[in-house]
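Listed in order, the protein sequences are those of chains P and Z.
So for the first sequence, the numbering used here puts the first residue at 1; every next one is plus one.
So for the second sequence, the numbering used here puts the first residue at 233; every next one is plus one.
Glycine included, each C-beta is placed from N, C-alpha and C at the ideal position.
Before any comments, here is the structure.
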Amino acid sequence: MTLLETQGLTAHYGDFQALFGIDLEVRAGEAVTLVGANGAGKSTLLRALCGQLPVAADQILFDGQPVGGLRADRLVRLGLAMVPEGRRLFPSLTVEENLQIGASSNRPGPWSLERIYGLFPILKERRKTPSTALSGGQQQMVAIGRGLMSNPRLLLCDEISLGLAPVVVKDVYAALPAVMAEGTAVVVVEQDIGQATRFAERFYCLCEGRVVLSGRCDAVDRDAIRQAYFGL
Amino acid sequence: MDWINVIIQGVLIGALYALFAAGLSLVFGVMRLVNLAHGDLIVLAAFLAFALVKAFGLHPLATVVFVVPIMAAFGYGLQRILLNRTLGKGLLPPLLVSFGLSIIVQNLLMEVFSANTQRLQLGALEVSSLEIAPGLSVGWYPLLVLLAAVLFIGLIQMLLYRTRLGAALRATSDDLETTRLMGLDSRHLFAVATALALAITAIAGVLMAAKTNFDPMSGPSRLVYAYEAVIVGGMGSLWGTLAGGMVIGLAQAIGGTIDPGWQILAGHLAFLVVLMVAPRGLFPSSVS
């Protein structure tokens, strides 16, 4: 079943056009990755999907309904959660308060504080500390947990490995299968092709605001993705 | 003993300034909105109390039961309908719109209540006092104002730091764009913040109305005291605002003792001195 679909999605920053007719599809419970170099339009695409950029309504379908241009908070209520680039935790809130804020949409579902603490036990130990006092990897765990607290049907993760040590990146990615086990689709934006294709079932490679290659991760040669990545 | 008396008087009047300022501080802290009509909203609350006393013969302090919810509801609507539209477009639109609102409130009050100076009469409570030492007594009413300031600033502080609503308000203050990604409707949250701010402003207005004379034009000077208290205390810190109000009150009391003509000026001078020595205020919030 198709959960999210974009049809000829275009997006602009003022006069500058950043996306040129993106067609992509995410099925329920699926793991999809968006790869591409800096400036390829990955983050712009996620921002357009989660309601942070003006978009024509029928360019994005969520569960068959046109949702392009809806306010971000409405989209969260429909089940579309975002783990923003750079984590964007609330510095004046504790770890637990950050997680609770994620539940503001009151969507029912499997995720609760206890479940998040089960997924990331270190966060339970540090639940009373300010989010700024955590390590980068722990902050990323809070950001993912905060997104899950809205019980999304689709979790968008923007550059969750950015600035983290490789061993920490592994820990962060290790949590995602548990998310998909609940039937939640996960879209990760990733610069590291190896990491991305190990995790996801399908990929879209973006270059200069267009999808230049897409397919099943196990069916496409990594070198072919690498060439598309650099626009070769 | 005279100086102890002066200090006590300064602290007590400072408590009223802190109550003036708490709403301003809250609104600025949550949405970075400087509301130039804040003083006029204090005076509006005072006139509401005055009208209720006149119409129904209520005890002046009992009017808070009505004035607080009326002002809170007004605050919610004001933010939702008017002030939200001014946000996110730079510094100037909220300043201009609230300045216009200030003029409208003043003139409406003038139209309805005339330019006459008013005051609520408290009867025996106005003159009764508590003797804490021989030759040193404190009026019960100023003491009540101090208690109200500590109580209500404490309550708002608790709401901000102990409740989910408070966490949402602090998150909004930290990073508005990301709170939207959490499913929070910032337009509603801002309106709730303004409703809370005007609830405490209503209490300030009623307490002021029984302590000093007021007329439809006395809002701007209240705004100045409130603004000074917020800056002296440090933006975004409510306990700082309480301290800031007391610094202004103390300076006025000390200035007034030296020469009655110096009372108001001494408050402003204290404000300028703090700005020079500690531009971020005495208790700057660690976040902003």
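Collapsing the DSSP output to three states places Arg-146 of chain P in a helix. The three-state secondary structure of Val-262 of chain Z, taken from DSSP, is helix. For Leu-391 of chain Z, no Cβ of chain P is located within less than 8 Å of the residue's own Cβ. Neighbours of Pro-54 of chain P in chain Z, taken as residues at a C-beta separation under 8 Å, are lacking, since the least C-beta distance is about 14 Å.
Along the segment 52 to 80 of chain P, going in chain order, the ones with a CB nearer than 9 Å to a CB of chain Z are Gln-52, Arg-71, Ala-72, Asp-73, Arg-74, Leu-75, Val-76 and Arg-77. Between Leu-507 of chain Z and Ile-463 of chain Z, the alpha-carbon positions lie close to 8 Å from each other. What Arg-88 of chain P touches in chain Z, judged by beta-carbon distance under 7 Å, is Asp-407 and Thr-410, going in chain order. DSSP places Asp-272 of chain Z within a helical segment (H, G or I) once states are collapsed to three.
Asp-447 of chain Z sits in coil when the DSSP states are folded into three classes, being neither helix nor strand. Selection P:Leu-232, P:Asp-73, P:Leu-154 and P:Ala-133 evaluated against Gly-51 of chain P yields P:Asp-73 as nearest (Cα-Cα). Contacts with chain Z at 8 Å (Cβ-Cβ) include Glu-97 of chain P. Under the Cβ distance rule, Met-141 of chain P does not count among the residues neighbouring chain Z, no pair being separated by less than 8 Å. For a cut-off of 8 Å, the C-beta gap from Leu-53 of chain P to Lys-42 of chain P is around 13 Å, too long to register as a contact.
In the three-state reduction of the DSSP assignment, Phe-288 of chain Z falls in the helix class, which pools H, G and I.
Taking the CA atoms as reference points, Val-142 of chain P sits about 15 Å from Ala-403 of chain Z. Secondary structure note for Phe-16 of chain P: its beta strand (DSSP E) is the uninterrupted segment 16 to 27.
Beta-bridge annotation (DSSP): Gly-215 of chain P is paired with P:Phe-203.
Thr-349 of chain Z is classed as exposed because its beta carbon has fewer than 16 other beta carbons within 10 Å across all chains shown. At the C-beta level, Ala-254 of chain Z and Leu-392 of chain Z stay beyond 8 Å of one another. DSSP lists no beta-bridge partner residue for Glu-343 of chain Z. In this structure the segment 325 to 333 of chain Z touches the segment 265 to 285 of chain Z; the number of beta carbon pairs closer than 8 Å is three or more.
Under the 10 Å beta carbon count, Leu-416 of chain Z is surrounded by 16 or more other beta carbons and is classified as buried. If you look at Leu-362 of chain Z, you'll find it in the beta strand (DSSP E) that goes 361 to 365. Contact of Cys-50 of chain P with chain Z by beta-carbon distance below 8 Å involves Leu-413.
The three-state secondary structure of Asp-158 of chain P, taken from DSSP, is strand.
In this chain, the beta strand (DSSP E) harbouring Glu-190 of chain P covers 185 to 190. Leu-119 of chain P places its beta carbon 8 Å or farther from that of Ala-37 of chain P. Residue environment analysis places Ile-490 of chain Z among the exposed positions, since fewer than 16 neighbouring C-beta atoms fall within 10 angstroms of its C-beta. Within a 10 Å sphere around the beta-carbon of Trp-235 of chain Z sit fewer than 16 other beta-carbons, which makes this residue exposed. The count of Cβ pairs closer than 8 Å, one atom from the segment 378 to 391 of chain Z and one from the segment 279 to 289 of chain Z, stays below three, leaving the stretches out of contact. Residues of chain P whose Cβ lies closer than 9 Å to the Cβ of Asp-234 of chain Z do not exist; the shortest such Cβ separation is about 44 Å. Closer than 8 Å at the C-beta level to chain Z, one finds no residue of the segment 174 to 205 of chain P. Annotation: the continuous alpha helix (DSSP H) that includes Phe-298 of chain Z extends over 296 to 309. For Thr-10 of chain P, the enclosing beta strand (DSSP E) stretches over residues 2 to 13. Looking at the DSSP output, Met-82 of chain P shares a beta bridge with P:Leu-156.
Within the DSSP secondary-structure output, Gly-488 of chain Z pairs in no beta bridge.
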